[in-house]
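Structure record follows, encoded as structure tokens.
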Amino acid sequence: MAPIPEAQDAGSRRFGNLNLSITGMGTEYPPFLLDAKCLDTLCKRHYPDSPASAQSLSLRPTLANTCHRMEKIRAINWYTGIDTRSTIGTVDHPMANMDRAPTIGELCEVFLKDGVALAVTAARKALHEAQLSPLDITHVVSTTCTNSANPGFDHYVCKQLGITQPVEKVLLHGIGCSGGLASLRTAANLALGSSFMGRKARVLVVALEISSLLVRSELDSVNELQETRIGITLFSDCASAAILSNGFGAQVEPVYELLGWEHLIIPDTEQDLGFDVDPLGWKVVLSPRVPKLTAAVVHPTFTSLLSTLPDLPPNYKQAADFDWALHPGGATILTGVEKAMSITPEHIRASYDTYINHGNSSSATIFSVMDRLRHKDMDEIAPQGKVKDFVVGCAFGPGITIEMCILKRNLGHIRRTLITTGEATPPMTETDPSESEGSRSDVEGEPEQKREKEAENLKKQGEELTQKLEKVHPEIPEQGDSLAEALNGVELD
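Numbering (UniProt numbering), first residue to last: 1 to 493.
Shown next, in the form of structure tokens:
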């Protein structure tokens, strides 16, 4: 393994009072949820001559004696720890059921129609919470790795939002799953530039990914080239957004304050994680080294970032002192970081919840995790029942790169949510302030009976999530081995 690079001298890059805050967030998943059976259905429907498809779909595949790669993929698909993945269509979506895999042009057409609609809704949610009009936006920073249209999807998002005023736009590409935090870092630097010039900055940050329609292209590679394309067992669709403010002009209560960030590259790992362009879309590159590489880089990155923030309270020095919003790249990545940083599943509860219920939506996932973390049912299962005031955000991308930031959560913030119409799943209407390690804000005038019933419901939800965490967290039931061990020796192309 290549040595982990050292960051710049912390003394020369200490973060002062940046006055940067996230004032609104929005997440929009498409309405369909696919379980593990759906991939079996596509295998049987389109690859009937495959040994895997010849098996009875009423039987769950096992990782033992799976010599054919299609069998191996089907088996892995049952043991990822994901219950459902959010997608823009069902298993009968036309793009997944042509007599061939869709071309990159056909994929682009769907992305710019259905994907942009998700992004617009996510952006509207973020604007609503930040109490802003689209005309208040000064900058737009966007990212995707599942489209390469010119003009980019951000052009169409701005158009549909009604952003008609001159804005500075940046569209980031080539950064995969780290794109959400890379976009936030870019937005922060743009906002600081505006602060230097004495100008207001309200930056709309948008991440959009449509990964589900790559399934046929990936299955072709599995069937024809005998490649183990594990990406089709993990990825899903999502759009997410955030509003970053530099504090100039009228202000609203922040959701999170952005205190500082770090960006590092692990040398000589380009071949381990990637997303290569192909006539039929993109191909995931994911080597078995990724969980160990990502786990190894987290600690030095965290230590470096912490050294640039000397004014944090003295009880925030170790990884376990913080809550974590970790990009859920896969079960072995989550458990690897847990072990490396000596944290518990409860520290990364929102990451597990997002992974279990929606899968990995690449760059859009991290904002979804940050958004999910502030829900009351997540607070109920915080470590020792104590919600942390400070949060570490962390994501990995091709390179291999790591993006990390430290946020201060506003525990007194009341979520303002926009109820959407149409097929999108309606969000919770409102949450109350959360209980931190040193404070508690009660809702005045709320009947005691109602509070007790709500607490009982939250406890039940917490218990259900804990049961799911136990299922995902360590083992594959039938083999008694971790997923990483089950994949040992499998070349992930």
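Beta carbons: idealized from backbone N, C-alpha and C, even for Gly.
Every value quoted in this text rests on a predicted model; they were computed, and no experiment measured them.
Under 8 Å by Cβ, that's how I've got M404 and T301 pegged, so tell me the actual separation to the nearest angstrom.
-> By 1-based counting over the sequence shown, the position of residue 404 is 404. By 1-based counting over the sequence shown, the position of residue 301 is 301. About 5 Å; that satisfies the 8 Å criterion.
D136 (DSSP reduced to helix, strand or coil) | Within the sequence shown, the letter at position 136 stands for residue 136. For D136, the three-state secondary structure derived from DSSP is helix.
Could you check which residue in D237, S236, I232, L259 has the C-alpha nearest to that of L244?
-> The residue given as residue 244 occupies position 244 in the sequence shown. Residue L259 is the option with its Cα nearest to L244.
Helix, strand or coil at R14 according to DSSP, with G and I counted as helix | Position 14 of the sequence shown, counting from 1, holds the residue named residue 14. Residue state, collapsed to three classes: coil.
Delimiting residues of the alpha helix (DSSP H) encompassing H299 | Residue mapping note: residue 299 aligns to position 299 of the sequence shown, counting from 1. Here the alpha helix (DSSP H) through H299 covers 290-307.
Compare the Cα-Cα distances from residue 507 to each of R13, N189, L127 and report the closest residue.
-> Any property of residue 507 remains undetermined from this structure, which presents the chain solely from 1 to 493.
Kindly indicate which three-state DSSP category F322 falls into: helix, strand or coil?
-> Stepping through the sequence shown from its first residue, residue 322 is reached at position 322. Reduced to three states, the DSSP call for F322 is coil.
DSSP state of I210 mapped onto helix, strand, coil | By 1-based counting over the sequence shown, the position of residue 210 is 210. Three-state DSSP puts I210 in a strand.
Pair within 9 Å by beta-carbon distance, A239 and L213 | The residue given as residue 239 occupies position 239 in the sequence shown. The residue given as residue 213 occupies position 213 in the sequence shown. No, they are not a contact pair.
Express the C-alpha separation of V255 and L326 in angstroms, rounding to a whole number.
-> Residue numbering aside, residue 326 sits at position 326 when the sequence shown is read from its first letter. Residue numbering aside, residue 255 sits at position 255 when the sequence shown is read from its first letter. Answer to the nearest angstrom: the Cα atoms are 18 Å apart.
Mind listing, in chain order, the continuous alpha helix (DSSP H) runs of no fewer than 4 residues lying wholly within the UniProt domain "Chalcone/stilbene synthase N-terminal" (92-245)?
-> 104-110, 116-130, 153-161, 179-196, 215-225, all fully within the UniProt domain "Chalcone/stilbene synthase N-terminal" (92-245).
How long is the line joining the alpha carbons of F235 and R409, rounded to whole angstroms?
-> By 1-based counting over the sequence shown, the position of residue 235 is 235. By 1-based counting over the sequence shown, the position of residue 409 is 409. Straight-line Cα distance between these residues: approximately 28 Å.
Span separating the alpha-carbon of E98 from that of H46 = Here the question's residue 98 lines up with position 98 in the sequence shown. Here the question's residue 46 lines up with position 46 in the sequence shown. Looking at the sequence provided, one finds Met at residue 98 rather than Glu. About 9 Å.
Assign H263 to one of three DSSP states: helix, strand, or coil.
-> Your numbering for residue 263 matches position 263 in the sequence shown. The three-state reading of DSSP puts H263 in strand, counting E and B together.
Put G88 into one of helix, strand or coil per three-state DSSP.
-> The residue you call residue 88 lines up with position 88 of the sequence shown. One detail in the question is off: residue 88 reads as Ile in this sequence, not Gly. Looking at I88 - three-state DSSP - the assignment turns out to be coil, as it is neither helix nor strand.
Can you tell me where the beta strand (DSSP E) with T354 in it begins and where it stops?
-> In the sequence shown, residue 354 corresponds to position 354, counting from 1. T354 -> not in any beta strand (DSSP E); alpha helix (DSSP H) instead, spanning 349-358.
Which first and last residues belong to the beta strand (DSSP E) in which T417 is found?
-> On the sequence shown, residue 417 is found 417 positions in, with the first residue counted as 1. Boundaries cannot be given for T417, as no beta strand (DSSP E) includes it and DSSP labels it neither H nor E.
Buried or exposed: where does K386 fall if 16 or more other Cβ atoms within 10 Å of its Cβ makes it buried?
-> Position 386 of the sequence shown, counted from the start, is the residue given in the question as residue 386. That one is exposed.
Between A147 and I210, is the Cβ-Cβ spacing less than 9 Å?
-> As a first step, residue 147 must be located in the sequence shown, where it is residue number 147. As a first step, residue 210 must be located in the sequence shown, where it is residue number 210. Before going further, note that residue 147 is Asn rather than Ala in the sequence given. Yes. Within cutoff.
Stretch pair the region 289-308 + the region 27-45: three plus CB contacts closer than 8 Å = The region 289-308 vs the region 27-45: no contact.
Quick one: using the 10 Å Cβ neighbour count with 16 as the cut-off for buried, is D389 buried or exposed?
-> Reading the sequence shown from its first residue, position 389 is the one you call residue 389. Counting Cβ neighbours within 10 Å, D389 comes out buried, since at least 16 surround it.
K408 (DSSP reduced to helix, strand or coil) = Mapped onto the sequence shown, residue 408 falls at position 408. In the three-state reduction of the DSSP assignment, K408 falls in the strand class.
Can you tell which of G274, L418, S304 has its C-alpha closest to the C-alpha of H263?
-> Along the sequence shown, one-based indexing puts residue 263 at 263. Residue S304 is the option with its Cα nearest to H263.
Look up G274 in the DSSP assignment and give the residues it is bridged to.
-> Residue numbering aside, residue 274 sits at position 274 when the sequence shown is read from its first letter. According to DSSP, which records beta bridges pairwise, G274 is partnered with V285.
How would you write the range of the beta strand (DSSP E) that A395 sits in, first residue to last?
-> Locating residue 395 in the sequence shown gives position 395, where the first residue counts as 1. It spans 390-397 - the beta strand (DSSP E) in which A395 sits, taken as one unbroken run.
From I88, G179, A191, S133, residue whose alpha carbon lies closest to that of H139 | In the sequence shown, counting from the first residue as 1, residue 139 sits at position 139. Distances from the CA of H139 to each of I88, G179, A191, S133 were compared; the closest alpha carbon is that of A191.
Boundaries (first-last residue) of the alpha helix (DSSP H) holding F248 = Numbered from 1 along the sequence shown, position 248 holds the residue referred to as residue 248. Here F248 belongs to no alpha helix (DSSP H), and DSSP marks it neither H nor E.
Excluding five sequence neighbours on each side, which residues of the same chain lie with their C-beta closer than 8 Å to the C-beta of K317?
-> Here residue 317 refers to the residue found at position 317 when the sequence shown is read from its first residue. L306, listed in sequence order.
Considering only C-alpha positions, which residue in the set R185, L373, E338 is nearest to I175?
-> Working through the sequence shown from its first residue, we reach residue 175 at position 175. Selected option, being the one with the closest Cα: R185.
Under the three-state reduction of DSSP, which class applies to I76: helix, strand or coil?
-> Locating residue 76 in the sequence shown gives position 76, counting from the first residue. Helix, per DSSP.
Are I104 and D278 closer than 9 Å when you measure CB to CB?
-> Residue 104 sits at position 104 when you count from the first residue of the sequence shown. Residue 278 sits at position 278 when you count from the first residue of the sequence shown. The answer is yes: Cβ separation under 9 Å.
Closest residue to P288 among L373, G231, T164 (Cα-Cα distance) | Along the sequence shown, one-based indexing puts residue 288 at 288. Per the Cα distances, G231.
State yes or no: is the C-beta of residue 494 within less than 9 Å of the C-beta of S178?
-> Since the first residue of the chain shown is 1 and the last is 493, residue 494 is not available in this structure.
Does the beta-carbon distance from L181 to S142 come in below 9 Å?
-> Against the sequence shown, residue 181 aligns to sequence position 181. Against the sequence shown, residue 142 aligns to sequence position 142. Between L181 and S142, the C-beta gap is not smaller than 9 Å, which leaves the two residues out of contact.
Starting from S368, follow the alpha helix (DSSP H) in both directions and report where the run begins and ends.
-> Numbered from its first residue, the sequence shown carries residue 368 at position 368. Per DSSP, the unbroken alpha helix (DSSP H) holding S368 starts and ends at 365-373.
Would you identify the three-state DSSP class for G24, choosing helix, strand or coil?
-> Numbered from 1 along the sequence shown, position 24 holds the residue referred to as residue 24. Strand.
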